[in-house]
Amino acid sequence: MLKFRDKKKNRFPTFSLIIWIVTLAVMVSSYFFHQKGFLNETFAIKPNEIISQIKSQWLYLLKLLSSLFVHGSWKHWFGNMILFLIIAFPLEKRIGGFWFLLIYFTAGFAGNLYCIYYLSGSENYLIGASGAVSGILGAWIVLFPSLKISIIIPIGFYMQKAEIPVLLLSLIWLGIQIVLQLVSPLDYSIVWISHVVGFITGFSLAWLYRIAN
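The sequence shown: position 40 = 113 (the working numbering), numbered continuously.
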């Protein structure tokens, strides 16, 4: 169980809700209406095709953003969107829609760019919102440095409550991504370090927000 100590509720997280609903709709369309192939071809990108494609049409680069709404499986979707639900809504309430969208899509774009560099010869579609969600997490360190999460941990027959700083959890998460990248095969389908790229992008943009405000 998660409980946030955030009293800033002056904005409704409109764009967070829209993004979550759209990704869910895409996922439902992909699996229940058998549109996975169409969605990948239309909205996702192949690293080995991007150079030839952008020479003829620069709009192909927009797929680096549209691919954030496409996921490969329900496990993939839940992994991103459960964390998104937890951290995106409070962030948009805090900073507003413009800065939230800037952080989300810039982090996702940066993460995907790194994936293209890392998987330059891959014929697999580049999909998922991991880089964008990582960017939101990076922004949390800057904007909610003292926030704590109350977690209920089952220990035997008892339930123990623990309060863990978001900063600590974020740094643990960051370390896990780096370790997973180091131990993964070179041809592994998940580029863990792209999550770190998204994280750093979100962290940097959140600092710009603090300076501007």
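Here a beta-carbon is modelled for each residue, glycine too, at the ideal position from N, C-alpha and C.
Original post:
What does a CB cutoff of less than 6 Å around residue 264 pick up in its chain, not counting 5 residues either side in sequence?
Top reply: By the criterion of a C-beta distance shorter than 6 Å, residue 264 is surrounded in its chain by 188 and 191, once the five residues flanking it on both sides are discounted.
Subject >> Limits of the unbroken alpha helix (DSSP H) element including residue 254 >> reply: Residue 254 -> alpha helix (DSSP H) spans 239-256.
Subject >> Any non-hydrogen atom of the ligand FAD closer than 7 Å to residue 178 Cβ >> reply: Questions concerning the ligand FAD fall outside what the structure shown contains, since it holds no ligand whatsoever.
**OP:** Compute the Euclidean distance between the alpha carbons of residue 160 and residue 213, then round it to the nearest angstrom.
**Re:** One C-alpha to the other measures close to 8 Å.
Original post:
Tell me, which residues are paired with residue 118 by DSSP?
Top reply: BP columns for residue 118 point to 199.
Subject >> The alpha helix (DSSP H) enclosing residue 187, as first and last residue numbers >> reply: Start and end: 170-191.
Subject >> DSSP three-state assignment for residue 108, whether helix, strand or coil >> reply: Three-state result, residue 108: coil.
**OP:** Identify whether residue 217 lies in helix, strand or coil by the three-state DSSP scheme.
**Re:** Residue state, collapsed to three classes: coil.
Subject >> Coarse secondary structure for residue 272, derived from DSSP in three states >> reply: Residue state, collapsed to three classes: helix.
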